[in-house]
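Structure first, commentary second.
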Amino acid sequence: MLRDITLGQYYPADSVLHKLDPRVKLMGALVYIVSLFTFRDAVGFAAATVFLICIIRISKVPFSYMVKGLKAIVVLMIITALFNLFLTPGKQVLVTYGILTITMEGVKNAVFMLVRLIYLIVGTSIMTLTTTPNQLTDGLEKALMPLSKIRVPVHSIAMIMSIALRFIPILIEETDIIMKAQMARGADFESGNLIRRVKAMVPLLVPLFVSAFRRADDLAMAMEARCYVGGRGRTKMKPLRYQKEDYQAYLILAGYLGVMIAWRVFGARIWGLKLGA
Amino acid sequence: MSIILDKVSYVYSEGTAYESWALKNVSLKIEDGQFIGIIGHTGSGKSTLIQHLNGLLKASSGGIYFNGRDIYEEDYDLRELRTKVGLVFQYPEHQLFETTIFDDVCFGPMNQGLSKNEAGLRAFEALRSVGLPESLYYQSPFDLSGGQKRRVAIAGVLAMKPEVLILDEPTAGLDPKGRDEILDLVSNMHREREMAVLLVSHSMEDVANYVQRIIVMNDGSVMYDGTPGEVFLHYKELEAVGLAAPQVTYLMHELKEQGLPVDCGVTTVEEARNSILKIFR
Amino acid sequence: MGIIKASKLVHEYIRRDEEGNVESIQTALNKIDLEVQAGAFIAILGHNGSGKSTLAKHINALLLPGEGTLWVDGMDTAREENVYEIRRAAGMVFQNPDNQIIASVVEEDVGFGPENIGIPTDEIWTRVEASLISTGMLKYRSHSPNKLSGGQKQRVAIAGVMAMEPKCIVLDEPTAMLDPNGRQEVLKAVHELNRKKGVTIILITHYMEEVTDADYVYVMDQGEIVMQGKPREIFSKVDRLKKHRLDVPQITLLAHELREAGLSISRGILTREELEAELVQLYGSKKGNVNYTG
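Chains as they are written, first to last, in my numbering: chain E, 3 to 279; chain W, 282 to 562; chain Z, 24 to 317.
In C-alpha cells:
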C-alpha cells in the first residue's frame, strides 16, 4: 500500500537536470513556487506552463510517471477546488442553490488554485525525480551551512535525513512482516469502528518501535565504531562544486523570475489598459 | 487435516517493470501428522509458499484446499484458517508486544473469541509445552534471553491450538544448544500432539535429523519432494542450485566410490555411524 | 607485544533501580588474558551470552575495561585520547547487516569511514575502489544496499571497514543472520583479506565449521576463556565442547563416535578427506587381515 506512492521518487535518467548541482535544483524549486504565486492572469499562467513543459522535456522523466504520482493527492486537489469554488465572494453570481453560491470569481479562483497546486507538485517533484535523496541532503546541508553560525545543527539534521531515507524502506518492509505475523495470530486490522482499529494498532506499533530503537542503537554503535564524531573534521567523498552548467541554470532561473515579477508589476497595467480600451 | 495446493502461482508487483514470479505452478499435498522440511536458498519461494498456506498471500492463479474446502471461496473465514494453520514467522520474538509473557500468549486465543478464562488456560498449556519456567509467566517478555523469547513467541501460536504448525527458520541466530532445544521441542510437539509440522530451513543437517519428508524449493518451483534419503541422493543437483546435502552424505558417496560397501542413502551422523560400523563387523 | 593483548580484563554490566542503587551485577568478562599476533586469523567461540560480543566491543573501545588492561596496537583502550586511533586500527563488523550500513548507495557507505577520519576526497575514491575490489563488490558500487542479499551487505560492511585501512578487523557473529551461501561468501572474503592484505582477523562465531581454518581458537563461557588451542586440538575434545553449549562439525562428530565405538581413528578429524582416507585405509587393512574377528 505504502509502496505504491511514486510521487517524487528518484527516476534515474541521463539528463542535464540530473547532472545539475542539487543546490541549483533546490533554488529552482523555490523560484518556481514563488513564480506560481505571482501570476494572476492568462499570460503569467502561460509563461509558467511553458517553463514547466520545457523542464519536463529536459528532465527525460516520462510524463506518465509524474501523472501517476499525482493520483495520491487527488483528494487534496478536489477539496482545494471546491473550497475556492463555493467560498469566493463576488459580484457575478452564476448559480445559487440554497446557501451555496458559485460566482465567476469563484470559478476563476478555483481554476487558478487547482492549476497552481498541480504545477507546484509537478514542479517540485521534478526536483526529487532528478536528484537522489543523498544529493538532496548534501545540497540542503551545504545550502543551509550559513545557519550553523547561529548554532543550527545543520550537519546533524542532514545526517538524520539521510539515515531516515536509508531506513524508511526497511521499516516499511518490517511493518509488513509484523502485520502479517499478528494476522497469523488472528489479529484484525481492517474491521470495526475507529476505536477498535486504533486499539488493533498496538500489537503492530509496539514491536515496530522496539525494533526501530534496536536499530537506532545498533546503528549508533556502528557509526561510532567507524570513527563518526559529528560534522567536525569530516571530509567529503562527493563534495559539491558548481560547474559551468550550474551558473547557466542560475541565470535562466533569475531571468524567468524577473520576467514573471515584471509582468506582475507592469503587465497588469498593460492588460488593464487593453481591457479598458 | 489436509492441505492441497493445486498449481499455485504467485507474481510480485504484477504488471510493473519489477514483476517477478515467486511461485510457479506449485502442486503439493500436506497430510495429517507429517513432519516436513521445506528447503531452499533465499529467494527460492519457500517463505512465499508458507504464507499462502494460511491465506496471508493470495495466489495469482491456482487453488488451495484446506480440509477439502477452497480457501478462496467468498464466504471462507480466513481468520479461522489462520488459527488452524499456525504460522511462526522468522525471528518471531520481534512480534512480542504485551507487558507480560502470559498476556502476549493470550493474544491469539483472545482473537479467536475465547473467554478470558479459556484463553488463560490455553496460554498456560502452551507456555508449559514450550518449557518456560513458571516463575517467568508474569514478567515482561522483553527481559528474556533470545532463546526464551522465541519459545514465548512459539507458544503464542500454539495457544491457538492449530492443526498444522509452520515454522520459518525457527533456529536462525541461535547458538548450537539453543538450536537443538528448539528443534527437539518442535519434534516433541509433532510426536505428542500428532500435529503436522512444516519446518522451513536452509540447514540441511537440521532438517535431515528430524523430518520424514523434504520439499526442495528452487526458483519458485518444487524441485524434489521425498524422504531425506531420496532427496539427498541428488546431492550433485542440489549443489548446482546452491544447496548442499549434509556432510555425511558426501562422505558416504565418496567412500562408496573408493569401494567401501556403505549405504549412500544416509543423512544423519547416527545413520552414517551405523552403516560404517556394519562394514567393519 | 601482539597487536591485541588483554591482561586480566574485567567487564561488569551493572543494573540499577530507579534510585540508582545497584540491583544486580553481571560479570560479562572475568579476568581475560589473551594475546593476538599481527597477521593471525583468530576465532572466538562461545554460545549466546558467553561474553564474546562484550570482548569484541572492548577491542574497538566501544566498551572500556572495568579492571585490567587491554592494548590494541600498543595503545591502552582506557585512555580517552587513544579512542580515535584505536578505532582506526581495529575495525569492527557487526551481526545485523542492515543496521550497520549508513548510506543509501554502496560506494557512499564504504566512503563513510574515510570521510570521518578526514581523508582527502581523491584518496577516499581510491580507497573505496580498492576495498570494493578486495571484497568483490565493485560491480554493486552504485546499488542501493536494500537490493543486496545478506552476504553482499556484510561484504559492503567489511569493505567499509577496509577503507579505513585497519590493521585488524573484529567480526562479531557476521554470519549469524545469513543463509549458507551468504556465510560462505563472507568467510571467503575474510580469509582473502587475511591472506592477501595481511589484516589480522578476529572472528567471533558459534558456527563450528567456520573456525576449522583459523590459526588459533579461543572458547569462551561465562565470561572466561575455557579452552584455547589450534582447531584440531579444540575439536578433539567433543565432550568438553558440548558442555559449553557448542557442538562440532558433523564429520568431526562422526569420527568421534566411530572412535568411541572402537574403530582406530585419530583424534580431531576436521575434514571429509581426512576421515575418508582413514576409513579407506582401515578397511583395506581389515580385508588384508584374514584373522580379523571383530
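C-beta: ideal position from N, C-alpha, C; glycine also.
For this session: Check whether the region 351–369 of chain W touches the region 150–165 of chain E, counting contact only when three or more Cβ pairs, one atom from each stretch, lie closer than 8 Å.
Result: no
Problem set entry | Helix, strand or coil at M3 (chain E) [DSSP, three-state] | As a first step, residue 3 (chain E) must be located in the first sequence, where it is residue number 1. Confidence at M3 (chain E) is low in this model, with a pLDDT of 39, below 50, so its placement is unreliable and the value that follows should be read with caution. It is coil, neither helix nor strand.
Exercise. Given that S172 (chain Z) touches chain W, what residues does it touch there, using C-beta distances under 9 Å?
Worked result: One-based indexing of the third sequence puts residue 172 (chain Z) at position 149. Here the neighbours are T323, G324.
Exercise. If I27 (chain Z) sits next to Y239 (chain Z), beta carbons under 8 Å apart, how far is it from one beta carbon to the other, in whole angstroms?
Worked result: Position 4 of the third sequence, counting from 1, holds the residue named residue 27 (chain Z). Position 216 of the third sequence, counting from 1, holds the residue named residue 239 (chain Z). The Cβ separation is near 12 Å, so there is no contact.
Exercise. Which one of E:R243, E:T105, E:I170 has the shortest CA to CA distance from V26 (chain E)?
Worked result: Taking the first sequence and counting its residues from 1, one reaches residue 26 (chain E) at position 24. Cα-wise, what sits closest to V26 (chain E) is E:R243.
Exercise. For the candidate residues W:L479, W:K365, W:A303, W:E406, whose alpha-carbon lies nearest to that of L338 (chain W)?
Worked result: As a position in the second sequence, residue 338 (chain W) is number 57, starting the count at 1. Of W:L479, W:K365, W:A303, W:E406, the residue nearest in Cα terms is W:A303.
Exercise. Within this structure, are the beta carbons of Q528 (chain W) and Q273 (chain Z) separated by less than 8 Å?
Worked result: Taking the second sequence and counting its residues from 1, the one referred to as residue 528 (chain W) is at position 247. Taking the third sequence and counting its residues from 1, the one referred to as residue 273 (chain Z) is at position 250. Result yes, Cβ atoms of Q528 (chain W) and Q273 (chain Z) sit closer than 8 Å.
Problem set entry | Coil, strand or helix - Y107 (chain Z) by DSSP | Position 84 of the third sequence, counting from 1, holds the residue named residue 107 (chain Z). Helix.
Exercise. Relative to the C-alpha of T508 (chain W), which residue among W:I495, W:E518, W:K517 is closest?
Worked result: Looking up residue 508 (chain W) in the second sequence gives position 227. The residue with the shortest Cα to Cα distance from T508 (chain W) is W:I495.
Exercise. Which residues in chain Z sit within 7 Å of G235 (chain E), going by Cβ to Cβ distance?
Worked result: Looking up residue 235 (chain E) in the first sequence gives position 233. Neighbours of G235 (chain E) on chain Z, chain order: G141.
Problem set entry | Among W:Y372, W:T364, W:Q315, W:D287, the one whose alpha carbon lies nearest that of L330 (chain W) | Within the second sequence, residue 330 (chain W) is the residue found at index 49, counting from 1. Selected option, being the one with the closest Cα: W:D287.
Exercise. What residue does the alpha helix (DSSP H) around F275 (chain W) start on, and which one ends it?
Worked result: Residue 275 (chain W) lies beyond the range of chain W shown here (282 to 562); nothing can be said about it.
For this session: Leaving aside the five residues before and after M282 (chain W) along the sequence, list all residues of the same chain whose C-beta is less than 7 Å from its C-beta, in chain order.
Result: Working through the second sequence from its first residue, we reach residue 282 (chain W) at position 1. Within the same chain, M282 (chain W) has close Cβ partners D313, N348, E444, V445, A477.
For this session: Taking Q251 (chain Z) as part of the beta strand (DSSP E), name the residues at either end of that continuous run.
Result: As a working note, residue 251 (chain Z) is residue 228 in the third sequence. Note, Q251 (chain Z): beta strand (DSSP E), 247–252.
Exercise. Between I55 (chain Z) and I225 (chain Z), is the Cβ-Cβ spacing less than 8 Å?
Worked result: Numbered from 1 along the third sequence, position 32 holds the residue referred to as residue 55 (chain Z). Numbered from 1 along the third sequence, position 202 holds the residue referred to as residue 225 (chain Z). No, the Cβ-Cβ distance between I55 (chain Z) and I225 (chain Z) is not below 8 Å.
Problem set entry | CA-to-CA distance, G141 (chain E) to F268 (chain E), given in whole angstroms | As a first step, residue 268 (chain E) must be located in the first sequence, where it is residue number 266. As a first step, residue 141 (chain E) must be located in the first sequence, where it is residue number 139. When rounded, the distance between both Cα atoms is 35 Å.
Problem set entry | Length of the line joining the Cα atoms of I560 (chain W) and L298 (chain Z) | The sequence position of residue 560 (chain W) within the second sequence is 279, counting from 1. The sequence position of residue 298 (chain Z) within the third sequence is 275, counting from 1. Near 15 Å, if we compare the C-alpha coordinates of L298 (chain Z) and I560 (chain W).
Exercise. Of the residues W:V386, W:L464, W:V411, W:L417, which one's Cα is nearest the Cα of L402 (chain W)?
Worked result: Taking the first residue of the second sequence as position 1, residue 402 (chain W) is located at position 121. Among W:V386, W:L464, W:V411, W:L417, the Cα nearest to that of L402 (chain W) belongs to W:V386.
For this session: For N71 (chain Z), I'd like the list of residues in its chain whose CB is within less than 8 Å of its CB, leaving aside the five on either flank, ordered along the chain.
Result: Position 48 of the third sequence, counting from 1, holds the residue named residue 71 (chain Z). H229, listed in sequence order.
Exercise. Based on the DSSP output, what are the partners of F316 (chain W) in its beta bridges?
Worked result: Locating residue 316 (chain W) in the second sequence gives position 35, where the first residue counts as 1. Partner(s): W:V478.
Problem set entry | Same chain only: Cβ atoms within 7 Å of E143 (chain E), ignoring 5 sequence neighbours per side | As a first step, residue 143 (chain E) must be located in the first sequence, where it is residue number 141. Counting only Cβ-Cβ distances below 7 Å, and skipping sequence neighbours, we find V156, H157, A160.
For this session: Residues of the region 537–558 of chain W with a CB closer than 7 Å to any CB of chain Z: list them in chain order, please.
Result: Q539, L541, V550, A553, R554, I557, L558
Exercise. Between S426 (chain W) and chain Z, is there a C-beta pair that is closer than 8 Å?
Worked result: As a working mapping, residue 426 (chain W) is identified with position 145 in the second sequence. So, interface residue.
Exercise. Hey, quick one: how far does the beta strand (DSSP E) through F362 (chain Z) stretch, first residue to last?
Worked result: The structure shown does not extend to residue 362 (chain Z), since chain Z spans only 24 to 317, so no value can be given for it.
Exercise. Rounded to whole angstroms, how far is the Cβ of A434 (chain W) from the Cβ of E374 (chain W), which I believe are closer than 8 Å?
Worked result: Locating residue 434 (chain W) in the second sequence gives position 153, counting from the first residue. Locating residue 374 (chain W) in the second sequence gives position 93, counting from the first residue. Their Cβ separation, rounded to whole angstroms, is 5 Å, which keeps A434 (chain W) and E374 (chain W) in contact under 8 Å.
Exercise. Which one of E:A256, E:R118, E:F211 has the shortest CA to CA distance from T51 (chain E)?
Worked result: Counting from 1 along the first sequence, the entry for residue 51 (chain E) is found at position 49. Taking only the C-alpha atoms, the option nearest T51 (chain E) is E:R118.
Problem set entry | Selected residue, minimal CA-CA separation from G412 (chain W), among W:P390, W:E518, W:K430, W:V481 | Locating residue 412 (chain W) in the second sequence gives position 131, where the first residue counts as 1. When only C-alpha atoms are compared, the closest one is W:K430.
Exercise. For L417 (chain W), which residues from the same chain have a beta carbon less than 8 Å from its beta carbon, with the 5 sequence-adjacent residues on both sides left out?
Worked result: Within the second sequence, residue 417 (chain W) is the residue found at index 136, counting from 1. Excluding sequence neighbours, L417 (chain W) sits near I382, L425, Q429.
For this session: May I have the straight-line CA-CA distance separating I142 (chain Z) from Q123 (chain Z), to the nearest angstrom?
Result: Position 119 of the third sequence, counting from 1, holds the residue named residue 142 (chain Z). Position 100 of the third sequence, counting from 1, holds the residue named residue 123 (chain Z). Spanning the two alpha carbons is a distance of roughly 21 Å.
Problem set entry | Neighbourhood of Y315 (chain Z) by C-beta distance below 7 Å, restricted to the same chain and skipping five residues each side | Position 292 of the third sequence, counted from the first residue, corresponds to residue 315 (chain Z). Confidence is the limiting factor: at Y315 (chain Z) the pLDDT is only 45, short of 50, which leaves the residue's position unreliable and the question unanswerable from this model.
For this session: Return the chain-ordered ranges of every beta strand (DSSP E) run that is complete within the region 71–107 of chain E and spans a minimum of 3 residues.
Result: 95–99, 102–105
Problem set entry | Alpha-carbon spacing of A553 (chain W) relative to M160 (chain Z), whole angstroms | Working through the second sequence from its first residue, we reach residue 553 (chain W) at position 272. Working through the third sequence from its first residue, we reach residue 160 (chain Z) at position 137. Using only the alpha carbons, I get a separation of about 40 Å.
Exercise. Which residues mark the beginning and the end of the alpha helix (DSSP H) in which Y249 (chain E) is found?
Worked result: For the purposes of this step, residue 249 (chain E) is taken as residue 247 along the first sequence, with counting starting at 1. That run of the alpha helix (DSSP H) goes 246–264.
Exercise. Tell me, which residues are paired with Y490 (chain W) by DSSP?
Worked result: Numbered from its first residue, the second sequence carries residue 490 (chain W) at position 209. The sequence given here places Asn at residue 490 (chain W); Tyr does not occur at that position. BP columns for N490 (chain W) are empty, so no partner.
Exercise. Cβ of V200 (chain E) less than 8 Å from any chain W Cβ?
Worked result: Within the first sequence, numbered from 1, the residue matching residue 200 (chain E) stands at position 198. Output row for V200 (chain E): interface = no.
For this session: Return yes when the Cβ of M187 (chain Z) is within less than 8 Å of the Cβ of W94 (chain Z), no when it is not.
Result: Numbered from its first residue, the third sequence carries residue 94 (chain Z) at position 71. Numbered from its first residue, the third sequence carries residue 187 (chain Z) at position 164. Against a cut-off of 8 Å, the Cβ pair of M187 (chain Z) and W94 (chain Z) comes out as no contact.
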